[in-house]
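Count along the sequence shown from 1, add 264, and you get the number used in the numbering used here. Step one of this worksheet: look at the structure below.
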Amino acid sequence: MSLPSYVRLVEVGPRDGLQNEAHPISVADKVQLVDALSAAGLSYIEVGSFVSPKWVPQMAGSAEVFAQIQRKPGVTYGALAPNLRGFEDALAAGVKEVAVFAAASEAFSQRNINCSISESLERFVPIMAAAKAHGVSVRGYVSCVLGCPYEGSVAPEQVAAVARELFAMGCYEVSLGDTIGTGTAGATRRLFEVVGAQVPRDKLAGHFHDTYGQAIANVYASLLEGIQVFDSSIAGLGGCPYAKGASGNVATEDVVYLLNGLGIDTGIDLEALILAGRQISTVLGRPTGSRVVKARSAV
């Protein structure tokens, strides 16, 4: 299969990247990050999450962030809304697109959201109905698609079953997440072969963590399978509190560098992106997780 001429990146750093940080991050710093990402040319930014601050303290200020960011025309500013209360709060904040998530692993679903996969899908039914009534788009996530910290390997057929359910209930796109970062290029291609037989490939996205250093290889393998949408996180921020040892998401800077080298358009200014990554890394007080930026700094 030939490579695409254009790839859309979904920037998850402000939400998935920051939600596990141990120290509080101010609303002002979050707003600065989102605005810098908009200026760099990202067309989709996941700004925050509308969940109980008891469970995810870093996302407590999401409504304030949405109120203060400078929204650019043509940019989607999304949020995670895992239940109806979260959806209602997102709607009140002016969010036009939300995301819901399910797991491909029963054990992970129980540890993460204290219910079975089927029960988690049932919880989304009222969200989908409310979203349709208010003209809000819904994006779906499936976690642990290439391995689970509790079950080990996960069958592609199980991933396909969950992705099919999300797509059937109204998610316009389903992102397949290698939550613990154990996937390899061969397993990634097989995953999209199986899932792509039940959900159109132009409705699928890839979400890779770099725990084993395979994220960029998996992005390339996905491109070979016709996937044209990828989630990524500025400066490689992120991880998973329910997946011990899982490192951050693949760095947006690294994905853009790969795509630039392949002659694939993203509409993103790499230099502006690198600056945004350096700024948030300074705020967090630690080095960037981007291999590209580290390499440049060493020169």
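Even glycine gets a Cβ: it sits at the ideal position worked out from N, Cα and C.
In the structure shown, Thr340 adopts extended strand secondary structure according to DSSP, grouped into three states. DSSP places Tyr405 in the uninterrupted beta strand (DSSP E) bounded by Ser401 to Ser407.
In terms of Cβ geometry, Ala331 and Val426 do not form a close pair [threshold 9 Å].
Cβ contact annotation for Gly502 (same chain, cutoff 6 Å, sequence separation greater than five): Asp280, Gly281, Gly512 and Asn513, in chain order. Residue state for Phe314 is assigned as coil, using DSSP reduced to three classes. Bridge pairing for Ser561: absent [DSSP]. Judged by beta-carbon spacing, Val406 lies beyond the 9 Å limit of Ala363, meaning their Cβ atoms are not closer than that value. Under the DSSP assignment, Val426 falls in the alpha helix (DSSP H) whose first and last residues are Pro420 to Ala432. In this structure, the beta-carbon distance from Asn482 to Thr452 falls below 9 Å. Counting only the Cα atoms, Cys408 lies some 14 Å from Ile377. Leaving aside the five residues that flank Leu385 on each side, the residues in its chain whose CB is nearer than 8 Å to its CB run, in chain order, Ala366, Val426, Glu429, Leu430 and Met433. A direct Cα-Cα distance of roughly 24 Å separates Ile289 from Glu352. Between Ser496 and Val519, the C-beta gap is smaller than 9 Å, which places the two residues in contact. For Leu526, the number of other beta carbons within 10 angstroms of its own is below 16, and it is reported as exposed. DSSP places Asp474 in the coil class of the three-state scheme, outside both helix and strand. Close CB contacts of Leu534 within its chain, under the 6 Å cut and outside five residues either way in sequence, are with Val520 (chain order). If you check the CB distance, Leu488 and Leu468 do not come in under 9 Å. Note that the C-beta distance between Ile528 and Leu297 is not below 9 Å. Per the C-alpha coordinates, the member of Val315, Ser307, Ala303 and Gln322 positioned closest to Leu548 is Gln322.
Burial state of Ala419 is exposed, judged by a 10 Å Cβ sphere holding fewer than 16 other Cβ atoms. For Gly441, the uninterrupted beta strand (DSSP E) run begins and ends at Glu437 to Asp442, by DSSP. Closest option to Gly404, judged by alpha-carbon separation, among Tyr414, Glu415, His398 and Phe388: Phe388. The residue from Glu457, Gly277 and Phe314 with its alpha-carbon nearest to that of Gln543 is Gly277. Residue Ala324 holds the alpha-carbon nearest to the alpha-carbon of Val315 among Ala324, Glu370, Tyr308 and Ile444. Straight-line measurement puts the Cα of Phe494 at about 18 Å from the Cα of Val556. By the CB criterion at 9 Å, Gly450 and Ala485 fall inside the cutoff. Around the Cβ of Glu383, a 10 Å sphere holds fewer than 16 other Cβ atoms; the residue is exposed.
Take Val291, set aside five residues on each side of it, and the residues of its chain with a beta-carbon closer than 8 Å to its own are Gly325, Glu328, Val329 and Gln332, in chain order. Assignment of beta strand (DSSP E) within the region 318 to 384, counting only whole runs of 3 or more residues, yields 340 to 344 and 361 to 367 in chain order.
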